[in-house]
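Per our numbering: the sequence shown = residues 46 to 206.
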Amino acid sequence: MSLPIYVDAYSGYKANERPVRFHLDEEFYEIESVVDRWHDPNAEYFKVRTTDGKLYLLRYDQHEDDWTLQSSLDRDALLARPSITLITVELAAIRDAESKIAGCERCRPEQAEIPFDWILADVLDKRGPFEFILTETARCPSCRAALSEKTMVEPTGRNRR
Ligand SMILES: [Zn+2]
Numbered sequence: 046m047s048l049p050i051y052v053d054a055y056s057g058y059k060a061n062e063r064p065v066r067f068h069l070d071e072e073f074y075e076i077e078s079v080v081d082r083w084h085d086p087n088a089e090y091f092k093v094r095t096t097d098g099k100l101y102l103l104r105y106d107q108h109e110d111d112w113t114l115q116s117s118l119d120r121d122a123l124l125a126r127p128s129i130t131l132i133t134v135e136l137a138a139i140r141d142a143e144s145k146i147a148g149c150e151r152c153r154p155e156q157a158e159i160p161f162d163w164i165l166a167d168v169l170d171k172r173g174p175f176e177f178i179l180t181e182t183a184r185c186p187s188c189r190a191a192l193s194e195k196t197m198v199e200p201t202g203r204n205r206r
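Written out as structure tokens, the structure reads:
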């Protein structure tokens, strides 16, 4: 299911701001917190918790400048989300992804411009609404800091987009 919705974000929507409420079926849903956020090349996703304790997945299309409600989530539905596929990332793929980065936001703050999950998407050839679950800790080859899927990294030259 994917429904167009009206979303209020702080002072219009900008890259690092967050939705504060959305409007659906003549009701306002106040967003208490953003539980998680991630993006693919076309859109940004926000997993949000409303003040009544329910989870929803909102998608913001940066090109169209519109928001859709991807699905309503409850705890049981979380691992079976219709629009997001969870991908388990095995050690070999983690090592492969590590070899494709030159540094991370900790050691190369100026150059780290893409999230680590973009590299994982390349390695696994999975682009789209995927969420990656790392089976082992990924580490920056330069400073050995632990990397999450959302850590900003600098790709090596041959992988640069
Ligand atoms: Zn680093």
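Each residue gets a CB set at the ideal place from its N, CA and C atoms; glycine is no exception.
- Less than 8 Å separates the beta-carbon of E77 from that of R94.
- In this structure the region 131-144 touches the region 168-183; the number of beta carbon pairs closer than 8 Å is three or more.
- In the structure shown, the three-state DSSP call for G202 is helix.
- In this structure, V80 lies near L100, with their beta-carbon atoms less than 8 Å apart.
- For the pair D111 and P49, the CB atoms are nearer than the 8 Å cut-off.
- Assignment of A190 by DSSP, reduced to helix, strand and coil, places it in the coil class.
- In the three-state reduction of the DSSP assignment, E143 falls in the helix class.
- With respect to S193, F161 sits close: the two C-beta atoms are nearer than 8 Å.
- Contact residues of ligand 1 (beta-carbon closer than 7 Å to any heavy atom; chain order) are G148, C149, R151, C152, R153, C185, S187, C188, A190.
- Annotation: L165 to F177 spans about 8 Å, alpha carbon to alpha carbon.
- Note: A88 is bridge-paired with D106 in the DSSP secondary-structure output.
- Beta-bridge partners assigned by DSSP to D97: none are found.
- Of the residues C152, Q115, I159, the one whose Cα lies closest to the Cα of L69 is Q115.
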